[in-house]
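> Here's a structure for you.
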Amino acid sequence: MGQVLKALGLFGGTFDPVHIGHLRTCVELREYLDLSALHLVPCGVPPHRASPRAAAHHRAAMLRLAIQGEPYLSVDEREVHQERESYSVHTLRALRQEFGPDLPLYWCIGMDALATLDTWYCWRQLTDYAHLAVVARPGWRRPTGGEVAEWLVDKITEDPAHLEQRSGGRVVICEMSQLPVSSTHIRELLKTGRSPRYLVPDAVLEYIRKHELYQREML
Ligand code: ATP
8 MGQVLKALGL FGGTFDPVHI GHLRTCVELR EYLDLSALHL VPCGVPPHRA
58 SPRAAAHHRA AMLRLAIQGE PYLSVDEREV HQERESYSVH TLRALRQEFG
108 PDLPLYWCIG MDALATLDTW YCWRQLTDYA HLAVVARPGW RRPTGGEVAE
158 WLVDKITEDP AHLEQRSGGR VVICEMSQLP VSSTHIRELL KTGRSPRYLV
208 PDAVLEYIRK HELYQREML
C-alpha cells in the first residue's frame with residue numbers, strides 16, 4: 008500500500024550541477040517542514056536567468072545520481088521535457104491539480120530567489136497553489152523594501168506549525184545550515200582545472216568527468 012502523503016516539498020532549480028548546498032537543504036527542509044516527500048524539479052529552459060551550461064538531460068541525470076538511496080527524494084522531470092520555457096507557476100498549478108486541493112505543498116526556494124521573485128512570471132500567484140518555503144543563504148537577507156517585501160507582510164510566518172492546517176498561501180522562512188556553495192563556483196573550479204570533490208556527490212563528479220561537462224570555456 009502506498010504511503011499517505013502529509014505534506015509535499017518541491018524544490019525547483021537549474022541544478023547546473025546539483026551540489027551539497029542543495030542536498031543538505033533537502034534533508035533539513037524535510038525535517039523542518041515534516042515533509043513526507045520532496046521532489047526536485049530541474050528546469051528546462053529557465054525564463055529568468057542565463058541558459059544552463061549543461062543540457063537538461065545531463066542535469067536531471069546528475070540529480071538522479073545525487074539522491075540515490077534517499078527514498079523520500081525524487082526527481083520530477085516534467086520541465087525538462089518541455090520545449091518551451093518553464094514557468095514555476097504553471098508547474099505548481101499542474102501539481103496542485105494532481106494532488107488535489109487539500110495536501111500542503113511547499114515550493115522551496117533560496118533567499119537569493121526570494122529577493123528577485125518579482126522578476127518571475129505571475130509571481131504573486133505562486134502562493135495560490137502552495138506555501139513558499141524560503142531557505143536562508145549566505146550573503147542574502149530577506150527583502151525589506153520593494154514589491155516583494157510589501158507582498159510578504161501579510162503572508163510571512165516564522166513557525167511552520169502554523170501552516171499544517173492550510174494547503175498553501177503562506178511564506179515561511181526556514182533557518183538552516185548555510186553552506187556557501189554554488190553551482191557557479193563548481194563550474195568555475197572545473198573550468199580552471201580544479202576539483203569540486205566533496206562539494207558534489209562522488210557519483211555526480213564521476214558523471215561530470217565521464218561526459219566532460221563544464222570543462223570548456225563556457226562560463
Ligand atoms: P548558480 O550558481 O548557477 O546560480 P545555484 O547554486 O544558485 O546556481 P540553483 O540550481 O540556481 O543553484 O538553485 C536552486 C535553488 O537552490 C534556488 O532556490 C537556490 O536559492 C537554492 N540554493 C542553491 N544553493 C544553495 C545553498 N548553498 N544553500 C541553500 N540554498 C541553495
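With the sequence shown counted from 1, adding 7 to any position gets you our numbering. Here a beta-carbon is modelled for each residue, glycine too, at the ideal position from N, C-alpha and C.
Could you please give the first and the last residue of the uninterrupted alpha helix (DSSP H) stretch that includes Cys-33?
Position 26 of the sequence shown holds residue 33. It spans 27-40 - the alpha helix (DSSP H) in which Cys-33 sits, taken as one unbroken run.
> Can you give me the C-alpha to C-alpha distance between His-29 and Val-188, rounded to a whole angstrom?
If you number the sequence shown from 1, residue 29 lands on position 22. If you number the sequence shown from 1, residue 188 lands on position 181. Distance between the alpha carbons of His-29 and Val-188: 9 Å.
> Got a sec, what are the start and stop residues for the alpha helix (DSSP H) His-65 sits in?
Here residue 65 is taken as the residue at index 58 of the sequence shown, counted from 1. Note, His-65: alpha helix (DSSP H), 63-73.
> In chain order, what are the residues with a CB under 5 Å from some non-hydrogen atom of ligand 1?
So the residues near ligand 1 by this Cβ test are Gly-20, Thr-21, Phe-22, Gly-28, Thr-32, Ile-116, Gly-117, Asp-119, Ala-120, Val-142, Arg-144, Leu-186, Val-188, Ser-189, Ser-190, Thr-191.
> Report all residues from its chain with a CB closer than 8 Å to the CB of Phe-106; omit the five preceding and five following residues, and keep chain order.
The count along the sequence shown starts at 1 and reaches residue 106 at position 99. Closer than 8 Å at Cβ, skipping near neighbours: Leu-12, Leu-15, Leu-112.
> Residue range of the beta strand (DSSP E) that Val-82 falls in?
The residue labelled residue 82 in the question sits at position 75 within the sequence shown. Residues 80-82.
> Checking 8 Å against the spacing of the C-beta atoms, do Leu-80 and Leu-102 come in under that value?
Along the sequence shown, read from residue 1 onward, the residue named residue 80 stands at position 73. Along the sequence shown, read from residue 1 onward, the residue named residue 102 stands at position 95. Not in contact: Leu-80 and Leu-102 (Cβ atoms no closer than 8 Å).
> Confirm, please, whether the CB-CB distance from Val-52 to Ala-67 is below 8 Å.
Start at 1 with the first residue of the sequence shown, and residue 67 comes out as number 60. Start at 1 with the first residue of the sequence shown, and residue 52 comes out as number 45. Not in contact: Ala-67 and Val-52 (Cβ atoms no closer than 8 Å).
> For Phe-18, which residues does DSSP report across the bridge?
The residue you call residue 18 lines up with position 11 of the sequence shown. According to DSSP, Phe-18 bridges with Leu-47, Cys-115.
> Is it right to say Gly-19 is buried, meaning 16 or more other beta carbons lie within 10 angstroms of its own, or is it exposed?
Indexing the sequence shown from 1 puts residue 19 at position 12. Classification for Gly-19: buried.
> Can you tell me where the alpha helix (DSSP H) with Val-155 in it begins and where it stops?
Indexing the sequence shown from 1 puts residue 155 at position 148. Counting along the chain, the alpha helix (DSSP H) containing Val-155 begins and ends at 153-159.
> To which residues of the same chain is Val-87 closer than 6 Å at the C-beta, ignoring the five residues directly before and after it?
Here residue 87 corresponds to residue number 80 of the sequence shown, with the count starting at 1. Result list for Val-87: Pro-49, Gly-51, Ala-63, Ala-67, in chain order.
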